[in-house]
Amino acid sequence: MKILNTSSVLLILTLTFSLVSCSKGQEAKKTIERNKKDKIMKSEEEWKKELSQEEYHILREKGTERAFTGKYWNNHKEGVYYCAACHQKLFDSGTKYESGSGWPSFYEPIDDENVEVKKDTSFGMVREEVVCSRCGGHLGHVFPDGPEPTGLRYCINSAALDFKEEK
982 MKILNTSSVL LILTLTFSLV SCSKGQEAKK TIERNKKDKI MKSEEEWKKE
1032 LSQEEYHILR EKGTERAFTG KYWNNHKEGV YYCAACHQKL FDSGTKYESG
1082 SGWPSFYEPI DDENVEVKKD TSFGMVREEV VCSRCGGHLG HVFPDGPEPT
1132 GLRYCINSAA LDFKEEK
């Protein structure tokens, strides 16, 4: 059995890490390319034609519906919540819970890639805005006061969602 010297071991480790880094970099690049390709780009006039007045106000103008008035805040059916603008899957009913806030609340999205979180400093507050990763529609905000396992509360406007019941 031949024992490798220190230089040989370092060379082998460097090559191994380089190969792993390259493959992970290529995977990340493919994800970024896929996300760019899947993005929906429309003019505000096109969105106005496709969305109701309330949906447009919330999704495109970053509005908020009044608490306890949205169609899904008290929905207890099993199913999937989709973006009302582009129909991307966002949340599963299994992650929905009663937060007492008056808006549908979830502790995690179906897939982290389906939502983006952005810093929101509107109205003199610092919050984390949640937007659909495909169309950029405003969904609501995420707060660090949710239940386990994530400790997050995705507080989402009903008008930004479509629901499809599944059993």
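Following the working numbering, the numbering of the sequence shown begins with 982 at its first residue and continues without gaps. Ideal placement from N, C-alpha and C gives every residue a C-beta, glycine not left out.
Take the alpha-carbon of Asp1019 and the one of Cys1113: they are about 12 Å apart.
C-alpha of Thr1076 to C-alpha of Glu1027: approximately 32 Å in a straight line. Rounded to the nearest whole angstrom, the C-alpha separation of Trp1084 and Lys1030 is 26 Å. The three-state secondary structure of Ile1039, taken from DSSP, is helix. Each of Ser1024, Thr1045, Ile1021 and Asn1055 was checked against the Cα of Ala1141, and the nearest Cα belongs to Thr1045.
If you check the CB distance, Glu1089 and Thr1131 come in under 7 Å. Closest by C-alpha distance to Leu1120, out of Ile1039, Gly1105 and Met1022, is Ile1039.
Note that the C-beta distance between Gly1105 and Ala1066 is not below 7 Å.
Judged by their CB atoms, Lys1145 and Gly1060 are nearer to each other than the 7 Å cut-off. Exclusion of the five residues before and after Lys1058 leaves Glu1146 as the residues of its chain whose Cβ lies within less than 6 Å of its Cβ. Annotation: Lys1058 is outside any beta strand (DSSP E) and is labelled neither H nor E by DSSP.
For the 7 Å CB-CB criterion, Tyr1078 and Lys1070 do not form a contact.
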